[in-house]
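*Asks:* Got a structure for you, written out below as structure tokens; questions coming shortly.
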Amino acid sequence: MKKEIDGEIFEVPRHVAVILDGNGRWAKKRLMPRNFGHKAGAKTLEDACEIVYDLGIEYFTVYAFSTENWKRSVEEVSGIMNLLRDYLVNSIERADKNNMKISVIGDRTRLADDIKDAILRLEEATKNNTGLKFTIALNYGGRDELTRATKDIAKEVAEGKLSIDDITEDVISSHLDTRELPDPDLLIRTSGEIRTSNFLPWQIAYSEFYFTDVLWPDMNRDNFIDAIRYYNGRERRFGGVK
Ligand code: FPP
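Residue numbering for the sequence shown follows the working numbering, beginning at -6 and increasing consecutively.
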């Protein structure tokens, strides 16, 4: 979609995915505990949903907690889970105000029961909203997602519902947690790390990557515009020649 932003015309990516990184370093710079950074990061995420929608982005997907993040200290993990509890509850009202549809991807089985319930309530309450499609990856790992999808497909084959020759890329995509989302056009990672850390490995095959040194809690409207400007400088060929 073409859109004028602050006097410049941009082709705005339809789906932007973000690896939220740098909360810990943001807190450390302030001589504060890591969870202080996560709290700031959660607030930035609230603002980011409004910013990206205003910029014309339709789908916004964020990596909030990975299957590897359980390795962090008990104190940090429980701090993040408590933040998440507040976040999920507050999101119902915010999503209503902003017409935002919120979904969660990842393996929910390991999450606490009250968090699972809060996710279901939030998804149900926002399912008919037609504004930003906001997806939160929680206990998400791309390899775990592909493993779960492979088991589901194998089960369908074993039960005779699907034949091996009918397994196509589209069939695989339709068994992933992201089945309702288009592939990301742009992947952003904050805080200077140049890696994708098991985030949407299947889905980002043709995405453009934008890495910035900005720490997630500092990410603001101008930084998102910089990412879109970078995206506009790329020539997307999807393997073909232009
Ligand atoms: C990345 O920074 C942050 C995380 C791995 C997890 C927490 C994410 C949030 C609190 C934002 C969203 C919150 C909710 C509740 C949806 P890091 O800790 O890896 O930073 P560092 O690399 O500087 O240590």
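Just so it is clear, CB atoms sit at the ideal spot from N, CA and C, and this is done for glycine as well.
A quick note: this is a predicted structure, and the numbers were derived from the prediction, not measured.
Looking at the secondary structure, which residues open and close the beta strand (DSSP E) in which Ile197 lies?
*Replies:* It is not in any beta strand (DSSP E) - Ile197 carries neither H nor E in the DSSP assignment.
*Asks:* Exposed or buried, Trp19, counting other C-beta atoms within 10 Å across all chains shown (16 or more means buried)?
*Replies:* Buried, by the Cβ-count rule.
*Asks:* When every heavy atom of the ligand FPP is checked, does at least one fall within less than 8 Å of the C-beta of Gly17?
*Replies:* Gly17 Cβ: within cutoff of the ligand FPP.
*Asks:* Quick check on DSSP: helix, strand or coil for Leu76?
*Replies:* Leu76 falls in the helix class under three-state DSSP.
*Asks:* Count the other C-beta atoms from every protein chain shown that fall within 10 angstroms of the C-beta of Gly99, then say buried if there are 16 or more, exposed otherwise.
*Replies:* It counts as buried.
*Asks:* Which residues does DSSP pair with Arg182 in a beta bridge?
*Replies:* For Arg182, which the question treats as bridged, DSSP gives the partners Ile12 and Phe204.
*Asks:* Near Ala220, which residues of its chain fall below 8 Å by C-beta distance, leaving aside the five closest residues on each side in sequence?
*Replies:* Excluding positions up to five away in sequence, the list reads Val9, Leu179, Ile181, Tyr203 and Thr205.
*Asks:* Identify which residue in Lys148, Arg136 and Gly0 has its Cα closest to the Cα of Ser190.
*Replies:* For the residues Lys148, Arg136 and Gly0, the minimum Cα distance to Ser190 belongs to Arg136.
*Asks:* For the putative contact between Val67 and Val11, defined by C-beta atoms under 8 Å, what is the C-beta separation to the nearest angstrom?
*Replies:* In fact, because the Cβ distance is near 27 Å, the residues do not count as touching under 8 Å.
*Asks:* With a floor of 4 residues, list each alpha helix (DSSP H) that falls wholly inside the stretch 20 to 106, ordered by position along the chain.
*Replies:* Within the stretch 20 to 106, the complete alpha helix (DSSP H) runs of at least 4 residues are 27 to 47 and 67 to 91.
*Asks:* Answer yes if the stretch 152 to 160 comes into contact with the stretch 117 to 132, meaning at least three C-beta pairs across the two stretches below 8 Å, and no otherwise.
*Replies:* No: fewer than three Cβ pairs fall under 8 Å.
*Asks:* Give a yes or no on whether the C-beta atoms belonging to Leu104 and Leu76 are separated by under 9 Å.
*Replies:* For Leu104 and Leu76, no; Cβs fall outside 9 Å.
*Asks:* For Tyr133 versus Phe192, is the C-beta spacing smaller than 9 Å?
*Replies:* Contact flag set, yes.
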